[in-house]
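Protein chains in written order, with my numbering: chain A, 45 to 471; chain B, 22 to 297.
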């Protein structure tokens, strides 16, 4: 075989070799393209459905904070004032806008346009500042979620009246209000300042947010130190024997156990056996900690293993004890990896709903929890609850809650990246 | 060839006093009947060797012959390897290294080590040198520590080059400087013996020359045990040399004699580049 024939053979094969490479690259590009398409569809669908939830239809009413309604005996006693007829005030102001409406049936239709949150809003204002009683002020008050939906174009007015939850005459009233330009879409602060509600215009995610935050801090406080300690022990101190191998295999298995099983465990151990309160962030945090624990161990061990052995040798070589070697040299080098792994594990815990359903966090809780022992909702469970609600108003609320949840996941992942870059030691 | 090697190894038994040194020198470290096993494999067989004060002893031999393993027995760094088992008598100035009375931390404070690849801590130059004295509590004040760091860096011939940036990372130095930093780190705790595992194999000739000069100076105060693959380096810096072959210590003696007139066939072959 002479020289030129070898060149020919190589040349011939060269083409197929390059083709193979190009094909492989195209496969990769295609997969990334598909992933991006799905991501775009996902985000577009959620944002397009949910962005309207950040606004809420409100009406400007000139309300008369009459003593007759609030404190007829003029006691000035807050407890007395709390039970004033604030709805009455709203209705009176509202009827004034429709002087021609006289019949009780029509008045009822009018009343249905207003949110029950309107009276509550005035109540809060008055309790905060009693001197308002007796005065007359302009207020923006929330309208009912059906009105909100109508204004956002989510109700088909061409449907027969019986198939709508808003009647023809009500649509007429709203048109009149729109002509007077006293209806506006305002930023929906309620969404961020209140707990759950049966009325979608009054439902907020603060309760779920606080519940999730309480839960995650408990999860972190338990899973992080325990997980890191376990990883350090297994990696640096544990003898290499079958028992330790057995433990290692089981830790890896635990990380793969379906989360609902952890929920069952929490229900059996924390609630039934230890008698902890149901639906409480404490129990949720403990369950999520159990779930995150193996993830933290695995991430920490991988991170500890990746510290170059030369550093270990160097430290031992100058006579550092085992614990000094670990805490002075190995742990600082492994910390960015440990933190990243743990935060990713925590992010997974934040998005977890199945185990929380098992321990009763799926309950309808209006109050915002003030301690880990109070009943509470959690963000992913709130999404689940709202997605299950029949009212139209909850459709956009669900998407809004998903957006908030995603924002927090994004924040946590950014925090992980930031921490990694900050503590990464380069050499 | 294998059979001949085995035959030659057996010949070694003739030199029973193979590792001992003339009594005129003080013995710092002595090793008797050292055997090392990695699981089922025996890495070192019946090694006897003594290390004297103010000498550089070079361990030479082909790759995988157990030189580094032997070196790591001397400061018990092999303890960190689970499958490794060490037997034999090791003593440092008369104290048994492997006995329960000898604390491994104390031992490593007395037997410093410099590794093949420069491995400064990813901390500042100052921190690198100060770490040993700090954990052992050698100095009592910040000023004393500063002085010790300066002195160690100076002895390692690094002070002039780094005194303006003593708080910049040790890893920002060049390879040769890093290795001298590691030497400074080792001598900062004032050890009796310094172990060097091919300290120049990752360095260029100029950095190597500096380190060799440094080793020459250091031997005034320390016993140095050095593993090297470079015959010329062994010839340049060591007073005695020990030739290892497949886990056996074949021959040990004055470097000059080993290089010019080795007693053993295997040593001769290695020196002349026929094995290895």
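Beta carbons are placed, not taken as given, at the ideal position from N, Cα and C, and that holds for glycine.
All values derive from a computational prediction rather than experimental measurement.
Shown here, residue 51(B) sits in a strand according to DSSP, grouped into three states. Distance from the CA of residue 232(B) to the CA of residue 183(B), rounded to the nearest whole angstrom, comes to 16 angstroms. When only Cα atoms are considered, residue 51(B) and residue 65(B) end up about 16 angstroms apart.
By the 16-neighbour rule on beta-carbons within 10 angstroms, residue 254(B) is buried.
The three-state reading of DSSP puts residue 55(A) in helix, counting H, G and I together.
In the DSSP annotation of this structure, residue 120(A) is not part of any alpha helix (DSSP H), being labelled neither H nor E.
Leaving aside the five residues that flank residue 59(B) on each side, the residues in its chain whose CB is nearer than 6 angstroms to its CB run, in chain order, 104 and 105.
Against chain A, a Cβ distance below 8 angstroms from residue 207(B) picks out 361 and 362. The bridge partners DSSP lists for residue 73(B) are 48(B). Within the segment 348-359 of chain A, contact with chain B at the beta-carbon level (separation under 7 angstroms) is assigned to 354, 355, 357 and 358. About 4 angstroms separates the Cβ atoms of residue 329(A) and residue 259(A), confirming a contact at the 8 angstroms cut-off.
Contact with chain A is found for residue 138(B), since one of that chain's Cβ atoms lies less than 8 angstroms from the residue's Cβ.
Secondary structure note for residue 381(A): its alpha helix (DSSP H) is the uninterrupted segment 375-394. Contact between residue 99(B) and residue 107(B) holds: their C-beta atoms lie close to 6 angstroms from each other, under 8 angstroms. Chain B places a beta carbon closer than 8 angstroms to that of residue 469(A), counting this residue as a contact.
Counting the other Cβ atoms within 10 Å of the Cβ of residue 100(A) gives 16 or more, which makes it buried. DSSP assignment within the segment 78-118 of chain A yields the following whole alpha helix (DSSP H) runs of 4 residues or more, N-terminal first: 111-114. Under DSSP, the beta-bridge partners assigned to residue 106(B) are 58(B). The criterion of a C-beta distance shorter than 8 angstroms is not satisfied by residue 114(B) and residue 54(B).
One alpha carbon belongs to residue 265(A), the other to residue 282(A), and they sit about 24 angstroms apart.
Every beta strand (DSSP E) of 3 residues or more that sits fully in the segment 169-198 of chain A is shown, in chain order, as 180-186. Contact with chain A is found for residue 101(B), since one of that chain's Cβ atoms lies less than 8 angstroms from the residue's Cβ.
Under DSSP, the beta-bridge partners assigned to residue 190(B) are 145(B). At the C-beta level, residue 245(B) and residue 77(B) come within 8 angstroms of one another. About 3 angstroms separates the CB atoms of residue 437(A) and residue 244(A); that is less than 8 angstroms, so the two are in contact. Residue 261(B) sits in a strand when the DSSP states are folded into three classes. In the structure shown, residue 81(B) falls within a strand segment according to DSSP collapsed to helix, strand and coil. Annotated three-state conformation of residue 137(B) is coil, per DSSP. If you draw a straight line from the Cα of residue 228(A) to the Cα of residue 105(A), it comes to about 12 angstroms. Close to residue 284(A), with beta-carbon spacing below 8 angstroms, are these residues of chain B in chain order: 103. If you draw a 10 Å sphere on the C-beta of residue 86(A), you find fewer than 16 other C-beta atoms in it, and that means exposed. Around the beta carbon of residue 462(A), fewer than 16 other beta carbons sit within 10 angstroms, so the residue counts as exposed. In this structure the segment 311-331 of chain A does not touch the segment 281-300 of chain A; the number of beta carbon pairs closer than 8 angstroms is below three. Residue 254(A) is not a Cβ neighbour of residue 323(A), given a cutoff of 8 angstroms. With the rule of 3 Cβ pairs closer than 8 angstroms, the segment 122-138 of chain B counts as touching the segment 216-224 of chain B.
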